[in-house]
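Numbering (the working numbering), first residue to last: 72 to 437.
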């Protein structure tokens with residue numbers, strides 16, 4: 072039996088980003104954790120999630136890809152059921168006006184984080200089965216669009232437009248990689264952008280985010296407060312930063328300082344150099360991941376690797392663009408770095424799957 076070897080540069084990028092994430096959670100969270108009586112409260116939980124995540128990574132690394140493809144429909148269907156359960160009173164947990172959490176007896180989690188993975192999994196299997204039929208609009212592209220549209224519709228109803236956009240953009244990238252007609256994709260892109268803009272202006276809270284993005288200084292103590300504090304954190308770090316643990320913005324100025332806006336604290340403490348280093352690691356992650364997808368030679372494994380890497384890369388891109396004020400706030404965490412249980416575990420499980428695929432590439436291809 073041929074001994075499998077994984078892509079170690081890809082693994083290194085993930086290990087480095089996860090280590091940086093743990094350090095930044097340690098630095099950014101004590102001011103909030105002290106309210107709970109333990110300044111290390113969030114760090115302890117984050118380390119626990121990371122350990123579970125690496126256990127999930129090892130599981131994904133050893134999982135049978137053939138069985139994963141075979142059971143993709145069932146896995147996907149179960150995740151959709153979980154997504155719908157958040158709307159049931161007593162099960163769904165509302166936080167900040169959104170029903171994104173499923174509250175069970177001993178723990179709670181976000182089904183939408185699971186659905187990100189299962190959607191990529193199901194689409195990878197479906198596109199592999201379709202083959203060249205994906206070039207046909209009615210027999211190939213339309214059924215995929217209907218499926219993705221239903222998923223995004225459920226998530227928007229929570230409401231969570233940011234996650235819906237991330238899933239839709241990932242599906243778009245997978246369709247492109249699978250060889251869908253470029254004119255069809257161009258039309259889809261135009262319609263999707265128009266739809267996203269319409270949805271953004273259809274809700275009062277989304278409209279406030281757009282106003283804050285366009286002119287945060289119009290209401291610096293209201294809707295513009297969040298992005299202003301983020302920009303102050305990023306800008307005040309300079310080239311080398313203030314030093315680890317020396318952030319001022321984490322002291323109740325910047326909301327979500329160790330979750331969605333942890334990159335702002337990172338730039339404040341580690342400077343432009345630290346922020347650029349994180350971006351460089353994500354570029355390494357993306358290039359090595361897409362190389363794995365390309366070397367897999369097409370089919371299910373290639374689709375799956377491309378989809379998982381595209382999903383995590385898009386999330387990182389969206390998060391960083393929000394933090395530096397180039398797009399409105401979306402609520403998308405930074406993969407491997409932001410604090411969060413469900414996302415950390417699912418993201419590292421996805422990495423395990425990609426490493427599994429890289430291990431199945433023949434030596435000749437490598």
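C-beta: ideal position from N, C-alpha, C; glycine also.
In the DSSP assignment, the beta strand (DSSP E) including residue 163 goes from what residue to what residue? The sequence position of residue 163 within the chain shown is 92, counting from 1. Where residue 163 is concerned, the enclosing beta strand (DSSP E) stretches over 163 to 166.
List the residues that DSSP assigns as beta-bridge partners of residue 174. In the chain shown, residue 174 corresponds to position 103, counting from 1. DSSP lists 179 as partners of residue 174.
Going by DSSP, what residues sit across from residue 169 in a beta bridge? Here residue 169 corresponds to residue number 98 of the chain shown, with the count starting at 1. Per DSSP, 166.
Is any heavy atom in the ligand GDP found nearer than 7 angstroms to the beta carbon of residue 225? This structure simply doesn't include the ligand GDP, nor any ligand for that matter.
So for residue 376, helix, strand or coil by DSSP? For the purposes of this step, residue 376 is identified with residue 305 of the chain shown, where counting begins at 1. Reduced to three states, the DSSP call for residue 376 is helix.
Does DSSP put residue 431 in a helix, in a strand, or in coil? Translated into the one-based positions of the chain shown, residue 431 becomes position 360. In the structure shown, the three-state DSSP call for residue 431 is coil.
To the nearest angstrom, how far is it from the Cα of residue 72 to the Cα of residue 130? Mapped onto the chain shown, residue 72 falls at position 1. Mapped onto the chain shown, residue 130 falls at position 59. Note that residue 72 scores 36 on pLDDT, short of 50, meaning its location in the model is unreliable; the coordinates nonetheless yield the value given after this. Using only the alpha carbons, I get a separation of about 20 angstroms.
Closest by C-alpha distance to residue 262, when choosing among 155, 149, 128 and 243: Locating residue 262 in the chain shown gives position 191, where the first residue counts as 1. Selection 155, 149, 128 and 243 evaluated against residue 262 yields 243 as nearest (Cα-Cα).
Could you spell out the range, first to last residue, of the alpha helix (DSSP H) harbouring residue 37? This structure does not reach residue 37, given that the chain is present from 72 up to 437, and the question cannot be answered.
Distance cutoff 8 angstroms, beta carbons only. Does residue 129 sit that close to anything in chain D? Absent from the structure is chain D; it holds one protein chain and no more.
Can you list, in chain order, the stretches of the alpha helix (DSSP H) that have 4 or more residues and sit fully within the region 296 to 368? With a minimum length of 4 residues, the continuous alpha helix (DSSP H) runs that stay inside the region 296 to 368 are 296 to 307 and 333 to 366.
Just tell me which of 376, 426, 395 and 408 has its CA closest to the CA of residue 191. As a working mapping, residue 191 is identified with position 120 in the chain shown. From the listed residues 376, 426, 395 and 408, the smallest Cα separation to residue 191 is found for 376.
What does the alpha-carbon distance come out to for the pair residue 80 and residue 159? Walking along the chain shown from the start, residue 80 turns up at place 9. Walking along the chain shown from the start, residue 159 turns up at place 88. If I take the Cα positions, the gap works out to 44 angstroms.
Closer than 8 angstroms is the cut-off here; do at least three beta carbon pairs connect the region 329 to 345 with the region 358 to 373? Fewer than three Cβ pairs drawn from the region 329 to 345 and the region 358 to 373 lie within less than 8 angstroms of each other, which leaves the two stretches out of contact.
Residue 326 to residue 235 span [Cα, whole Å]: Here residue 326 refers to the residue found at position 255 when the chain shown is read from its first residue. Here residue 235 refers to the residue found at position 164 when the chain shown is read from its first residue. In a straight line, the C-alpha of residue 326 is about 23 angstroms away from that of residue 235.
So what does DSSP say about residue 406, is it helix, strand or coil? One-based indexing of the chain shown puts residue 406 at position 335. Residue 406: coil per DSSP, three-state reduction.
Hey, is the region 188 to 208 in contact with the region 372 to 386, meaning 3+ C-beta pairs nearer than 8 angstroms? Yes, since at least three Cβ pairs between the region 188 to 208 and the region 372 to 386 fall closer than 8 angstroms, the two stretches touch.
Determine, using beta-carbon pairs with one atom in the region 174 to 189 and one in the region 220 to 235, whether at least three such pairs fall under 8 angstroms. Between the region 174 to 189 and the region 220 to 235 there are three or more C-beta pairs closer than 8 angstroms, enough to call the two in contact.
Residue 435 to residue 366 span [Cα, whole Å]: The residue labelled residue 435 in the question sits at position 364 within the chain shown. The residue labelled residue 366 in the question sits at position 295 within the chain shown. For residue 435, the pLDDT reaches just 42, beneath the cut-off of 50, and the residue's location in the model is therefore unreliable, although a value from the coordinates is still provided. Rounded to the nearest angstrom, the two C-alpha atoms are 10 angstroms apart.
Suppose the cutoff is 6 angstroms on Cβ atoms and the five residues either side in sequence are ignored; what does the same chain contact list for residue 74 look like? Mapped onto the chain shown, residue 74 falls at position 3. The pLDDT assigned to residue 74 is 48, lower than 50, so where the model puts this residue is not dependable, and the model offers no usable value.
Residue 343 and residue 308: beta carbons closer than 8 angstroms? The residue you call residue 343 lines up with position 272 of the chain shown. The residue you call residue 308 lines up with position 237 of the chain shown. The answer is yes: Cβ separation under 8 angstroms.
Where does residue 418 fall in DSSP's three states? The sequence position of residue 418 within the chain shown is 347, counting from 1. DSSP, read as helix, strand or coil, puts residue 418 in helix.
Output yes or no for whether 8 angstroms exceeds the beta carbon distance between residue 423 and residue 198. Start at 1 with the first residue of the chain shown, and residue 423 comes out as number 352. Start at 1 with the first residue of the chain shown, and residue 198 comes out as number 127. Cβ atoms of residue 423 and residue 198: not closer than 8 angstroms.
When you compare each of 222, 288 and 117 to residue 94 by their alpha carbons, which one comes out closest? Residue numbering aside, residue 94 sits at position 23 when the chain shown is read from its first letter. Closest option to residue 94, Cα to Cα, is 117.
Segment contact, 8 angstroms Cβ cut-off, at least three pairs: the region 270 to 289 with the region 397 to 413: The region 270 to 289 and the region 397 to 413 touch, with no fewer than 3 CB-CB distances between them shorter than 8 angstroms.
Selection from 115, 222 and 251 that minimises the alpha carbon distance to residue 55: It is not possible to answer for residue 55, since the shown part of the chain is limited to 72 through 437.
What is the residue span of the alpha helix (DSSP H) that residue 112 lies within? For the purposes of this step, residue 112 is taken as residue 41 along the chain shown, with counting starting at 1. Unbroken alpha helix (DSSP H) run through residue 112: 112 to 133.
Per DSSP, what kind of secondary structure is residue 289 in: helix, strand or coil? Translated into positions along the chain shown, residue 289 becomes position 218. Residue state, collapsed to three classes: helix.
Cut-off 6 angstroms between Cβ atoms - residues of its own chain near residue 409, not counting five sequence neighbours on either side: As a first step, residue 409 is located in the chain shown; it is residue number 338 there, counting from the start. Excluding residues up to 5 positions away in sequence, 330 and 333 lie with their Cβ nearer than 6 angstroms to the Cβ of residue 409 in the same chain.
Looking at residue 169: is its Cβ nearer than 8 angstroms to the Cβ of residue 214? If you number the chain shown from 1, residue 169 lands on position 98. If you number the chain shown from 1, residue 214 lands on position 143. No, these two residues do not count as a Cβ contact at 8 angstroms.
Determine whether the beta carbon atoms of residue 238 and residue 187 lie at a separation below 8 angstroms. In the chain shown, the residue the question calls residue 238 occupies position 167. In the chain shown, the residue the question calls residue 187 occupies position 116. Yes.
If you drop the 5 nearest sequence neighbours on each side, which residues of the same chain put their C-beta closer than 7 angstroms to that of residue 223? Locating residue 223 in the chain shown gives position 152, counting from the first residue. Correct list, in chain order: 235, 238 and 239.
Buried or exposed: residue 150, going by 16 or more other Cβ atoms within 10 Å of its Cβ? Against the chain shown, residue 150 aligns to sequence position 79. By the beta-carbon neighbour count (other beta carbons within 10 angstroms, threshold 16), residue 150 is buried.
Three-state secondary structure assigned by DSSP to residue 160: Residue 160 sits at position 89 when you count from the first residue of the chain shown. In the structure shown, residue 160 falls within a coil segment according to DSSP collapsed to helix, strand and coil.
When the Cα atoms are used, what is the spatial distance from residue 246 to residue 104? Counting from one through the chain shown, the residue named residue 246 turns up at place 175. Counting from one through the chain shown, the residue named residue 104 turns up at place 33. Each residue's alpha carbon lies about 43 angstroms from the other.
Own chain partners of residue 411 with C-beta closer than 6 angstroms, once the 5 adjacent residues on each side are dropped: Taking the first residue of the chain shown as position 1, residue 411 is located at position 340. Correct list, in chain order: 404.
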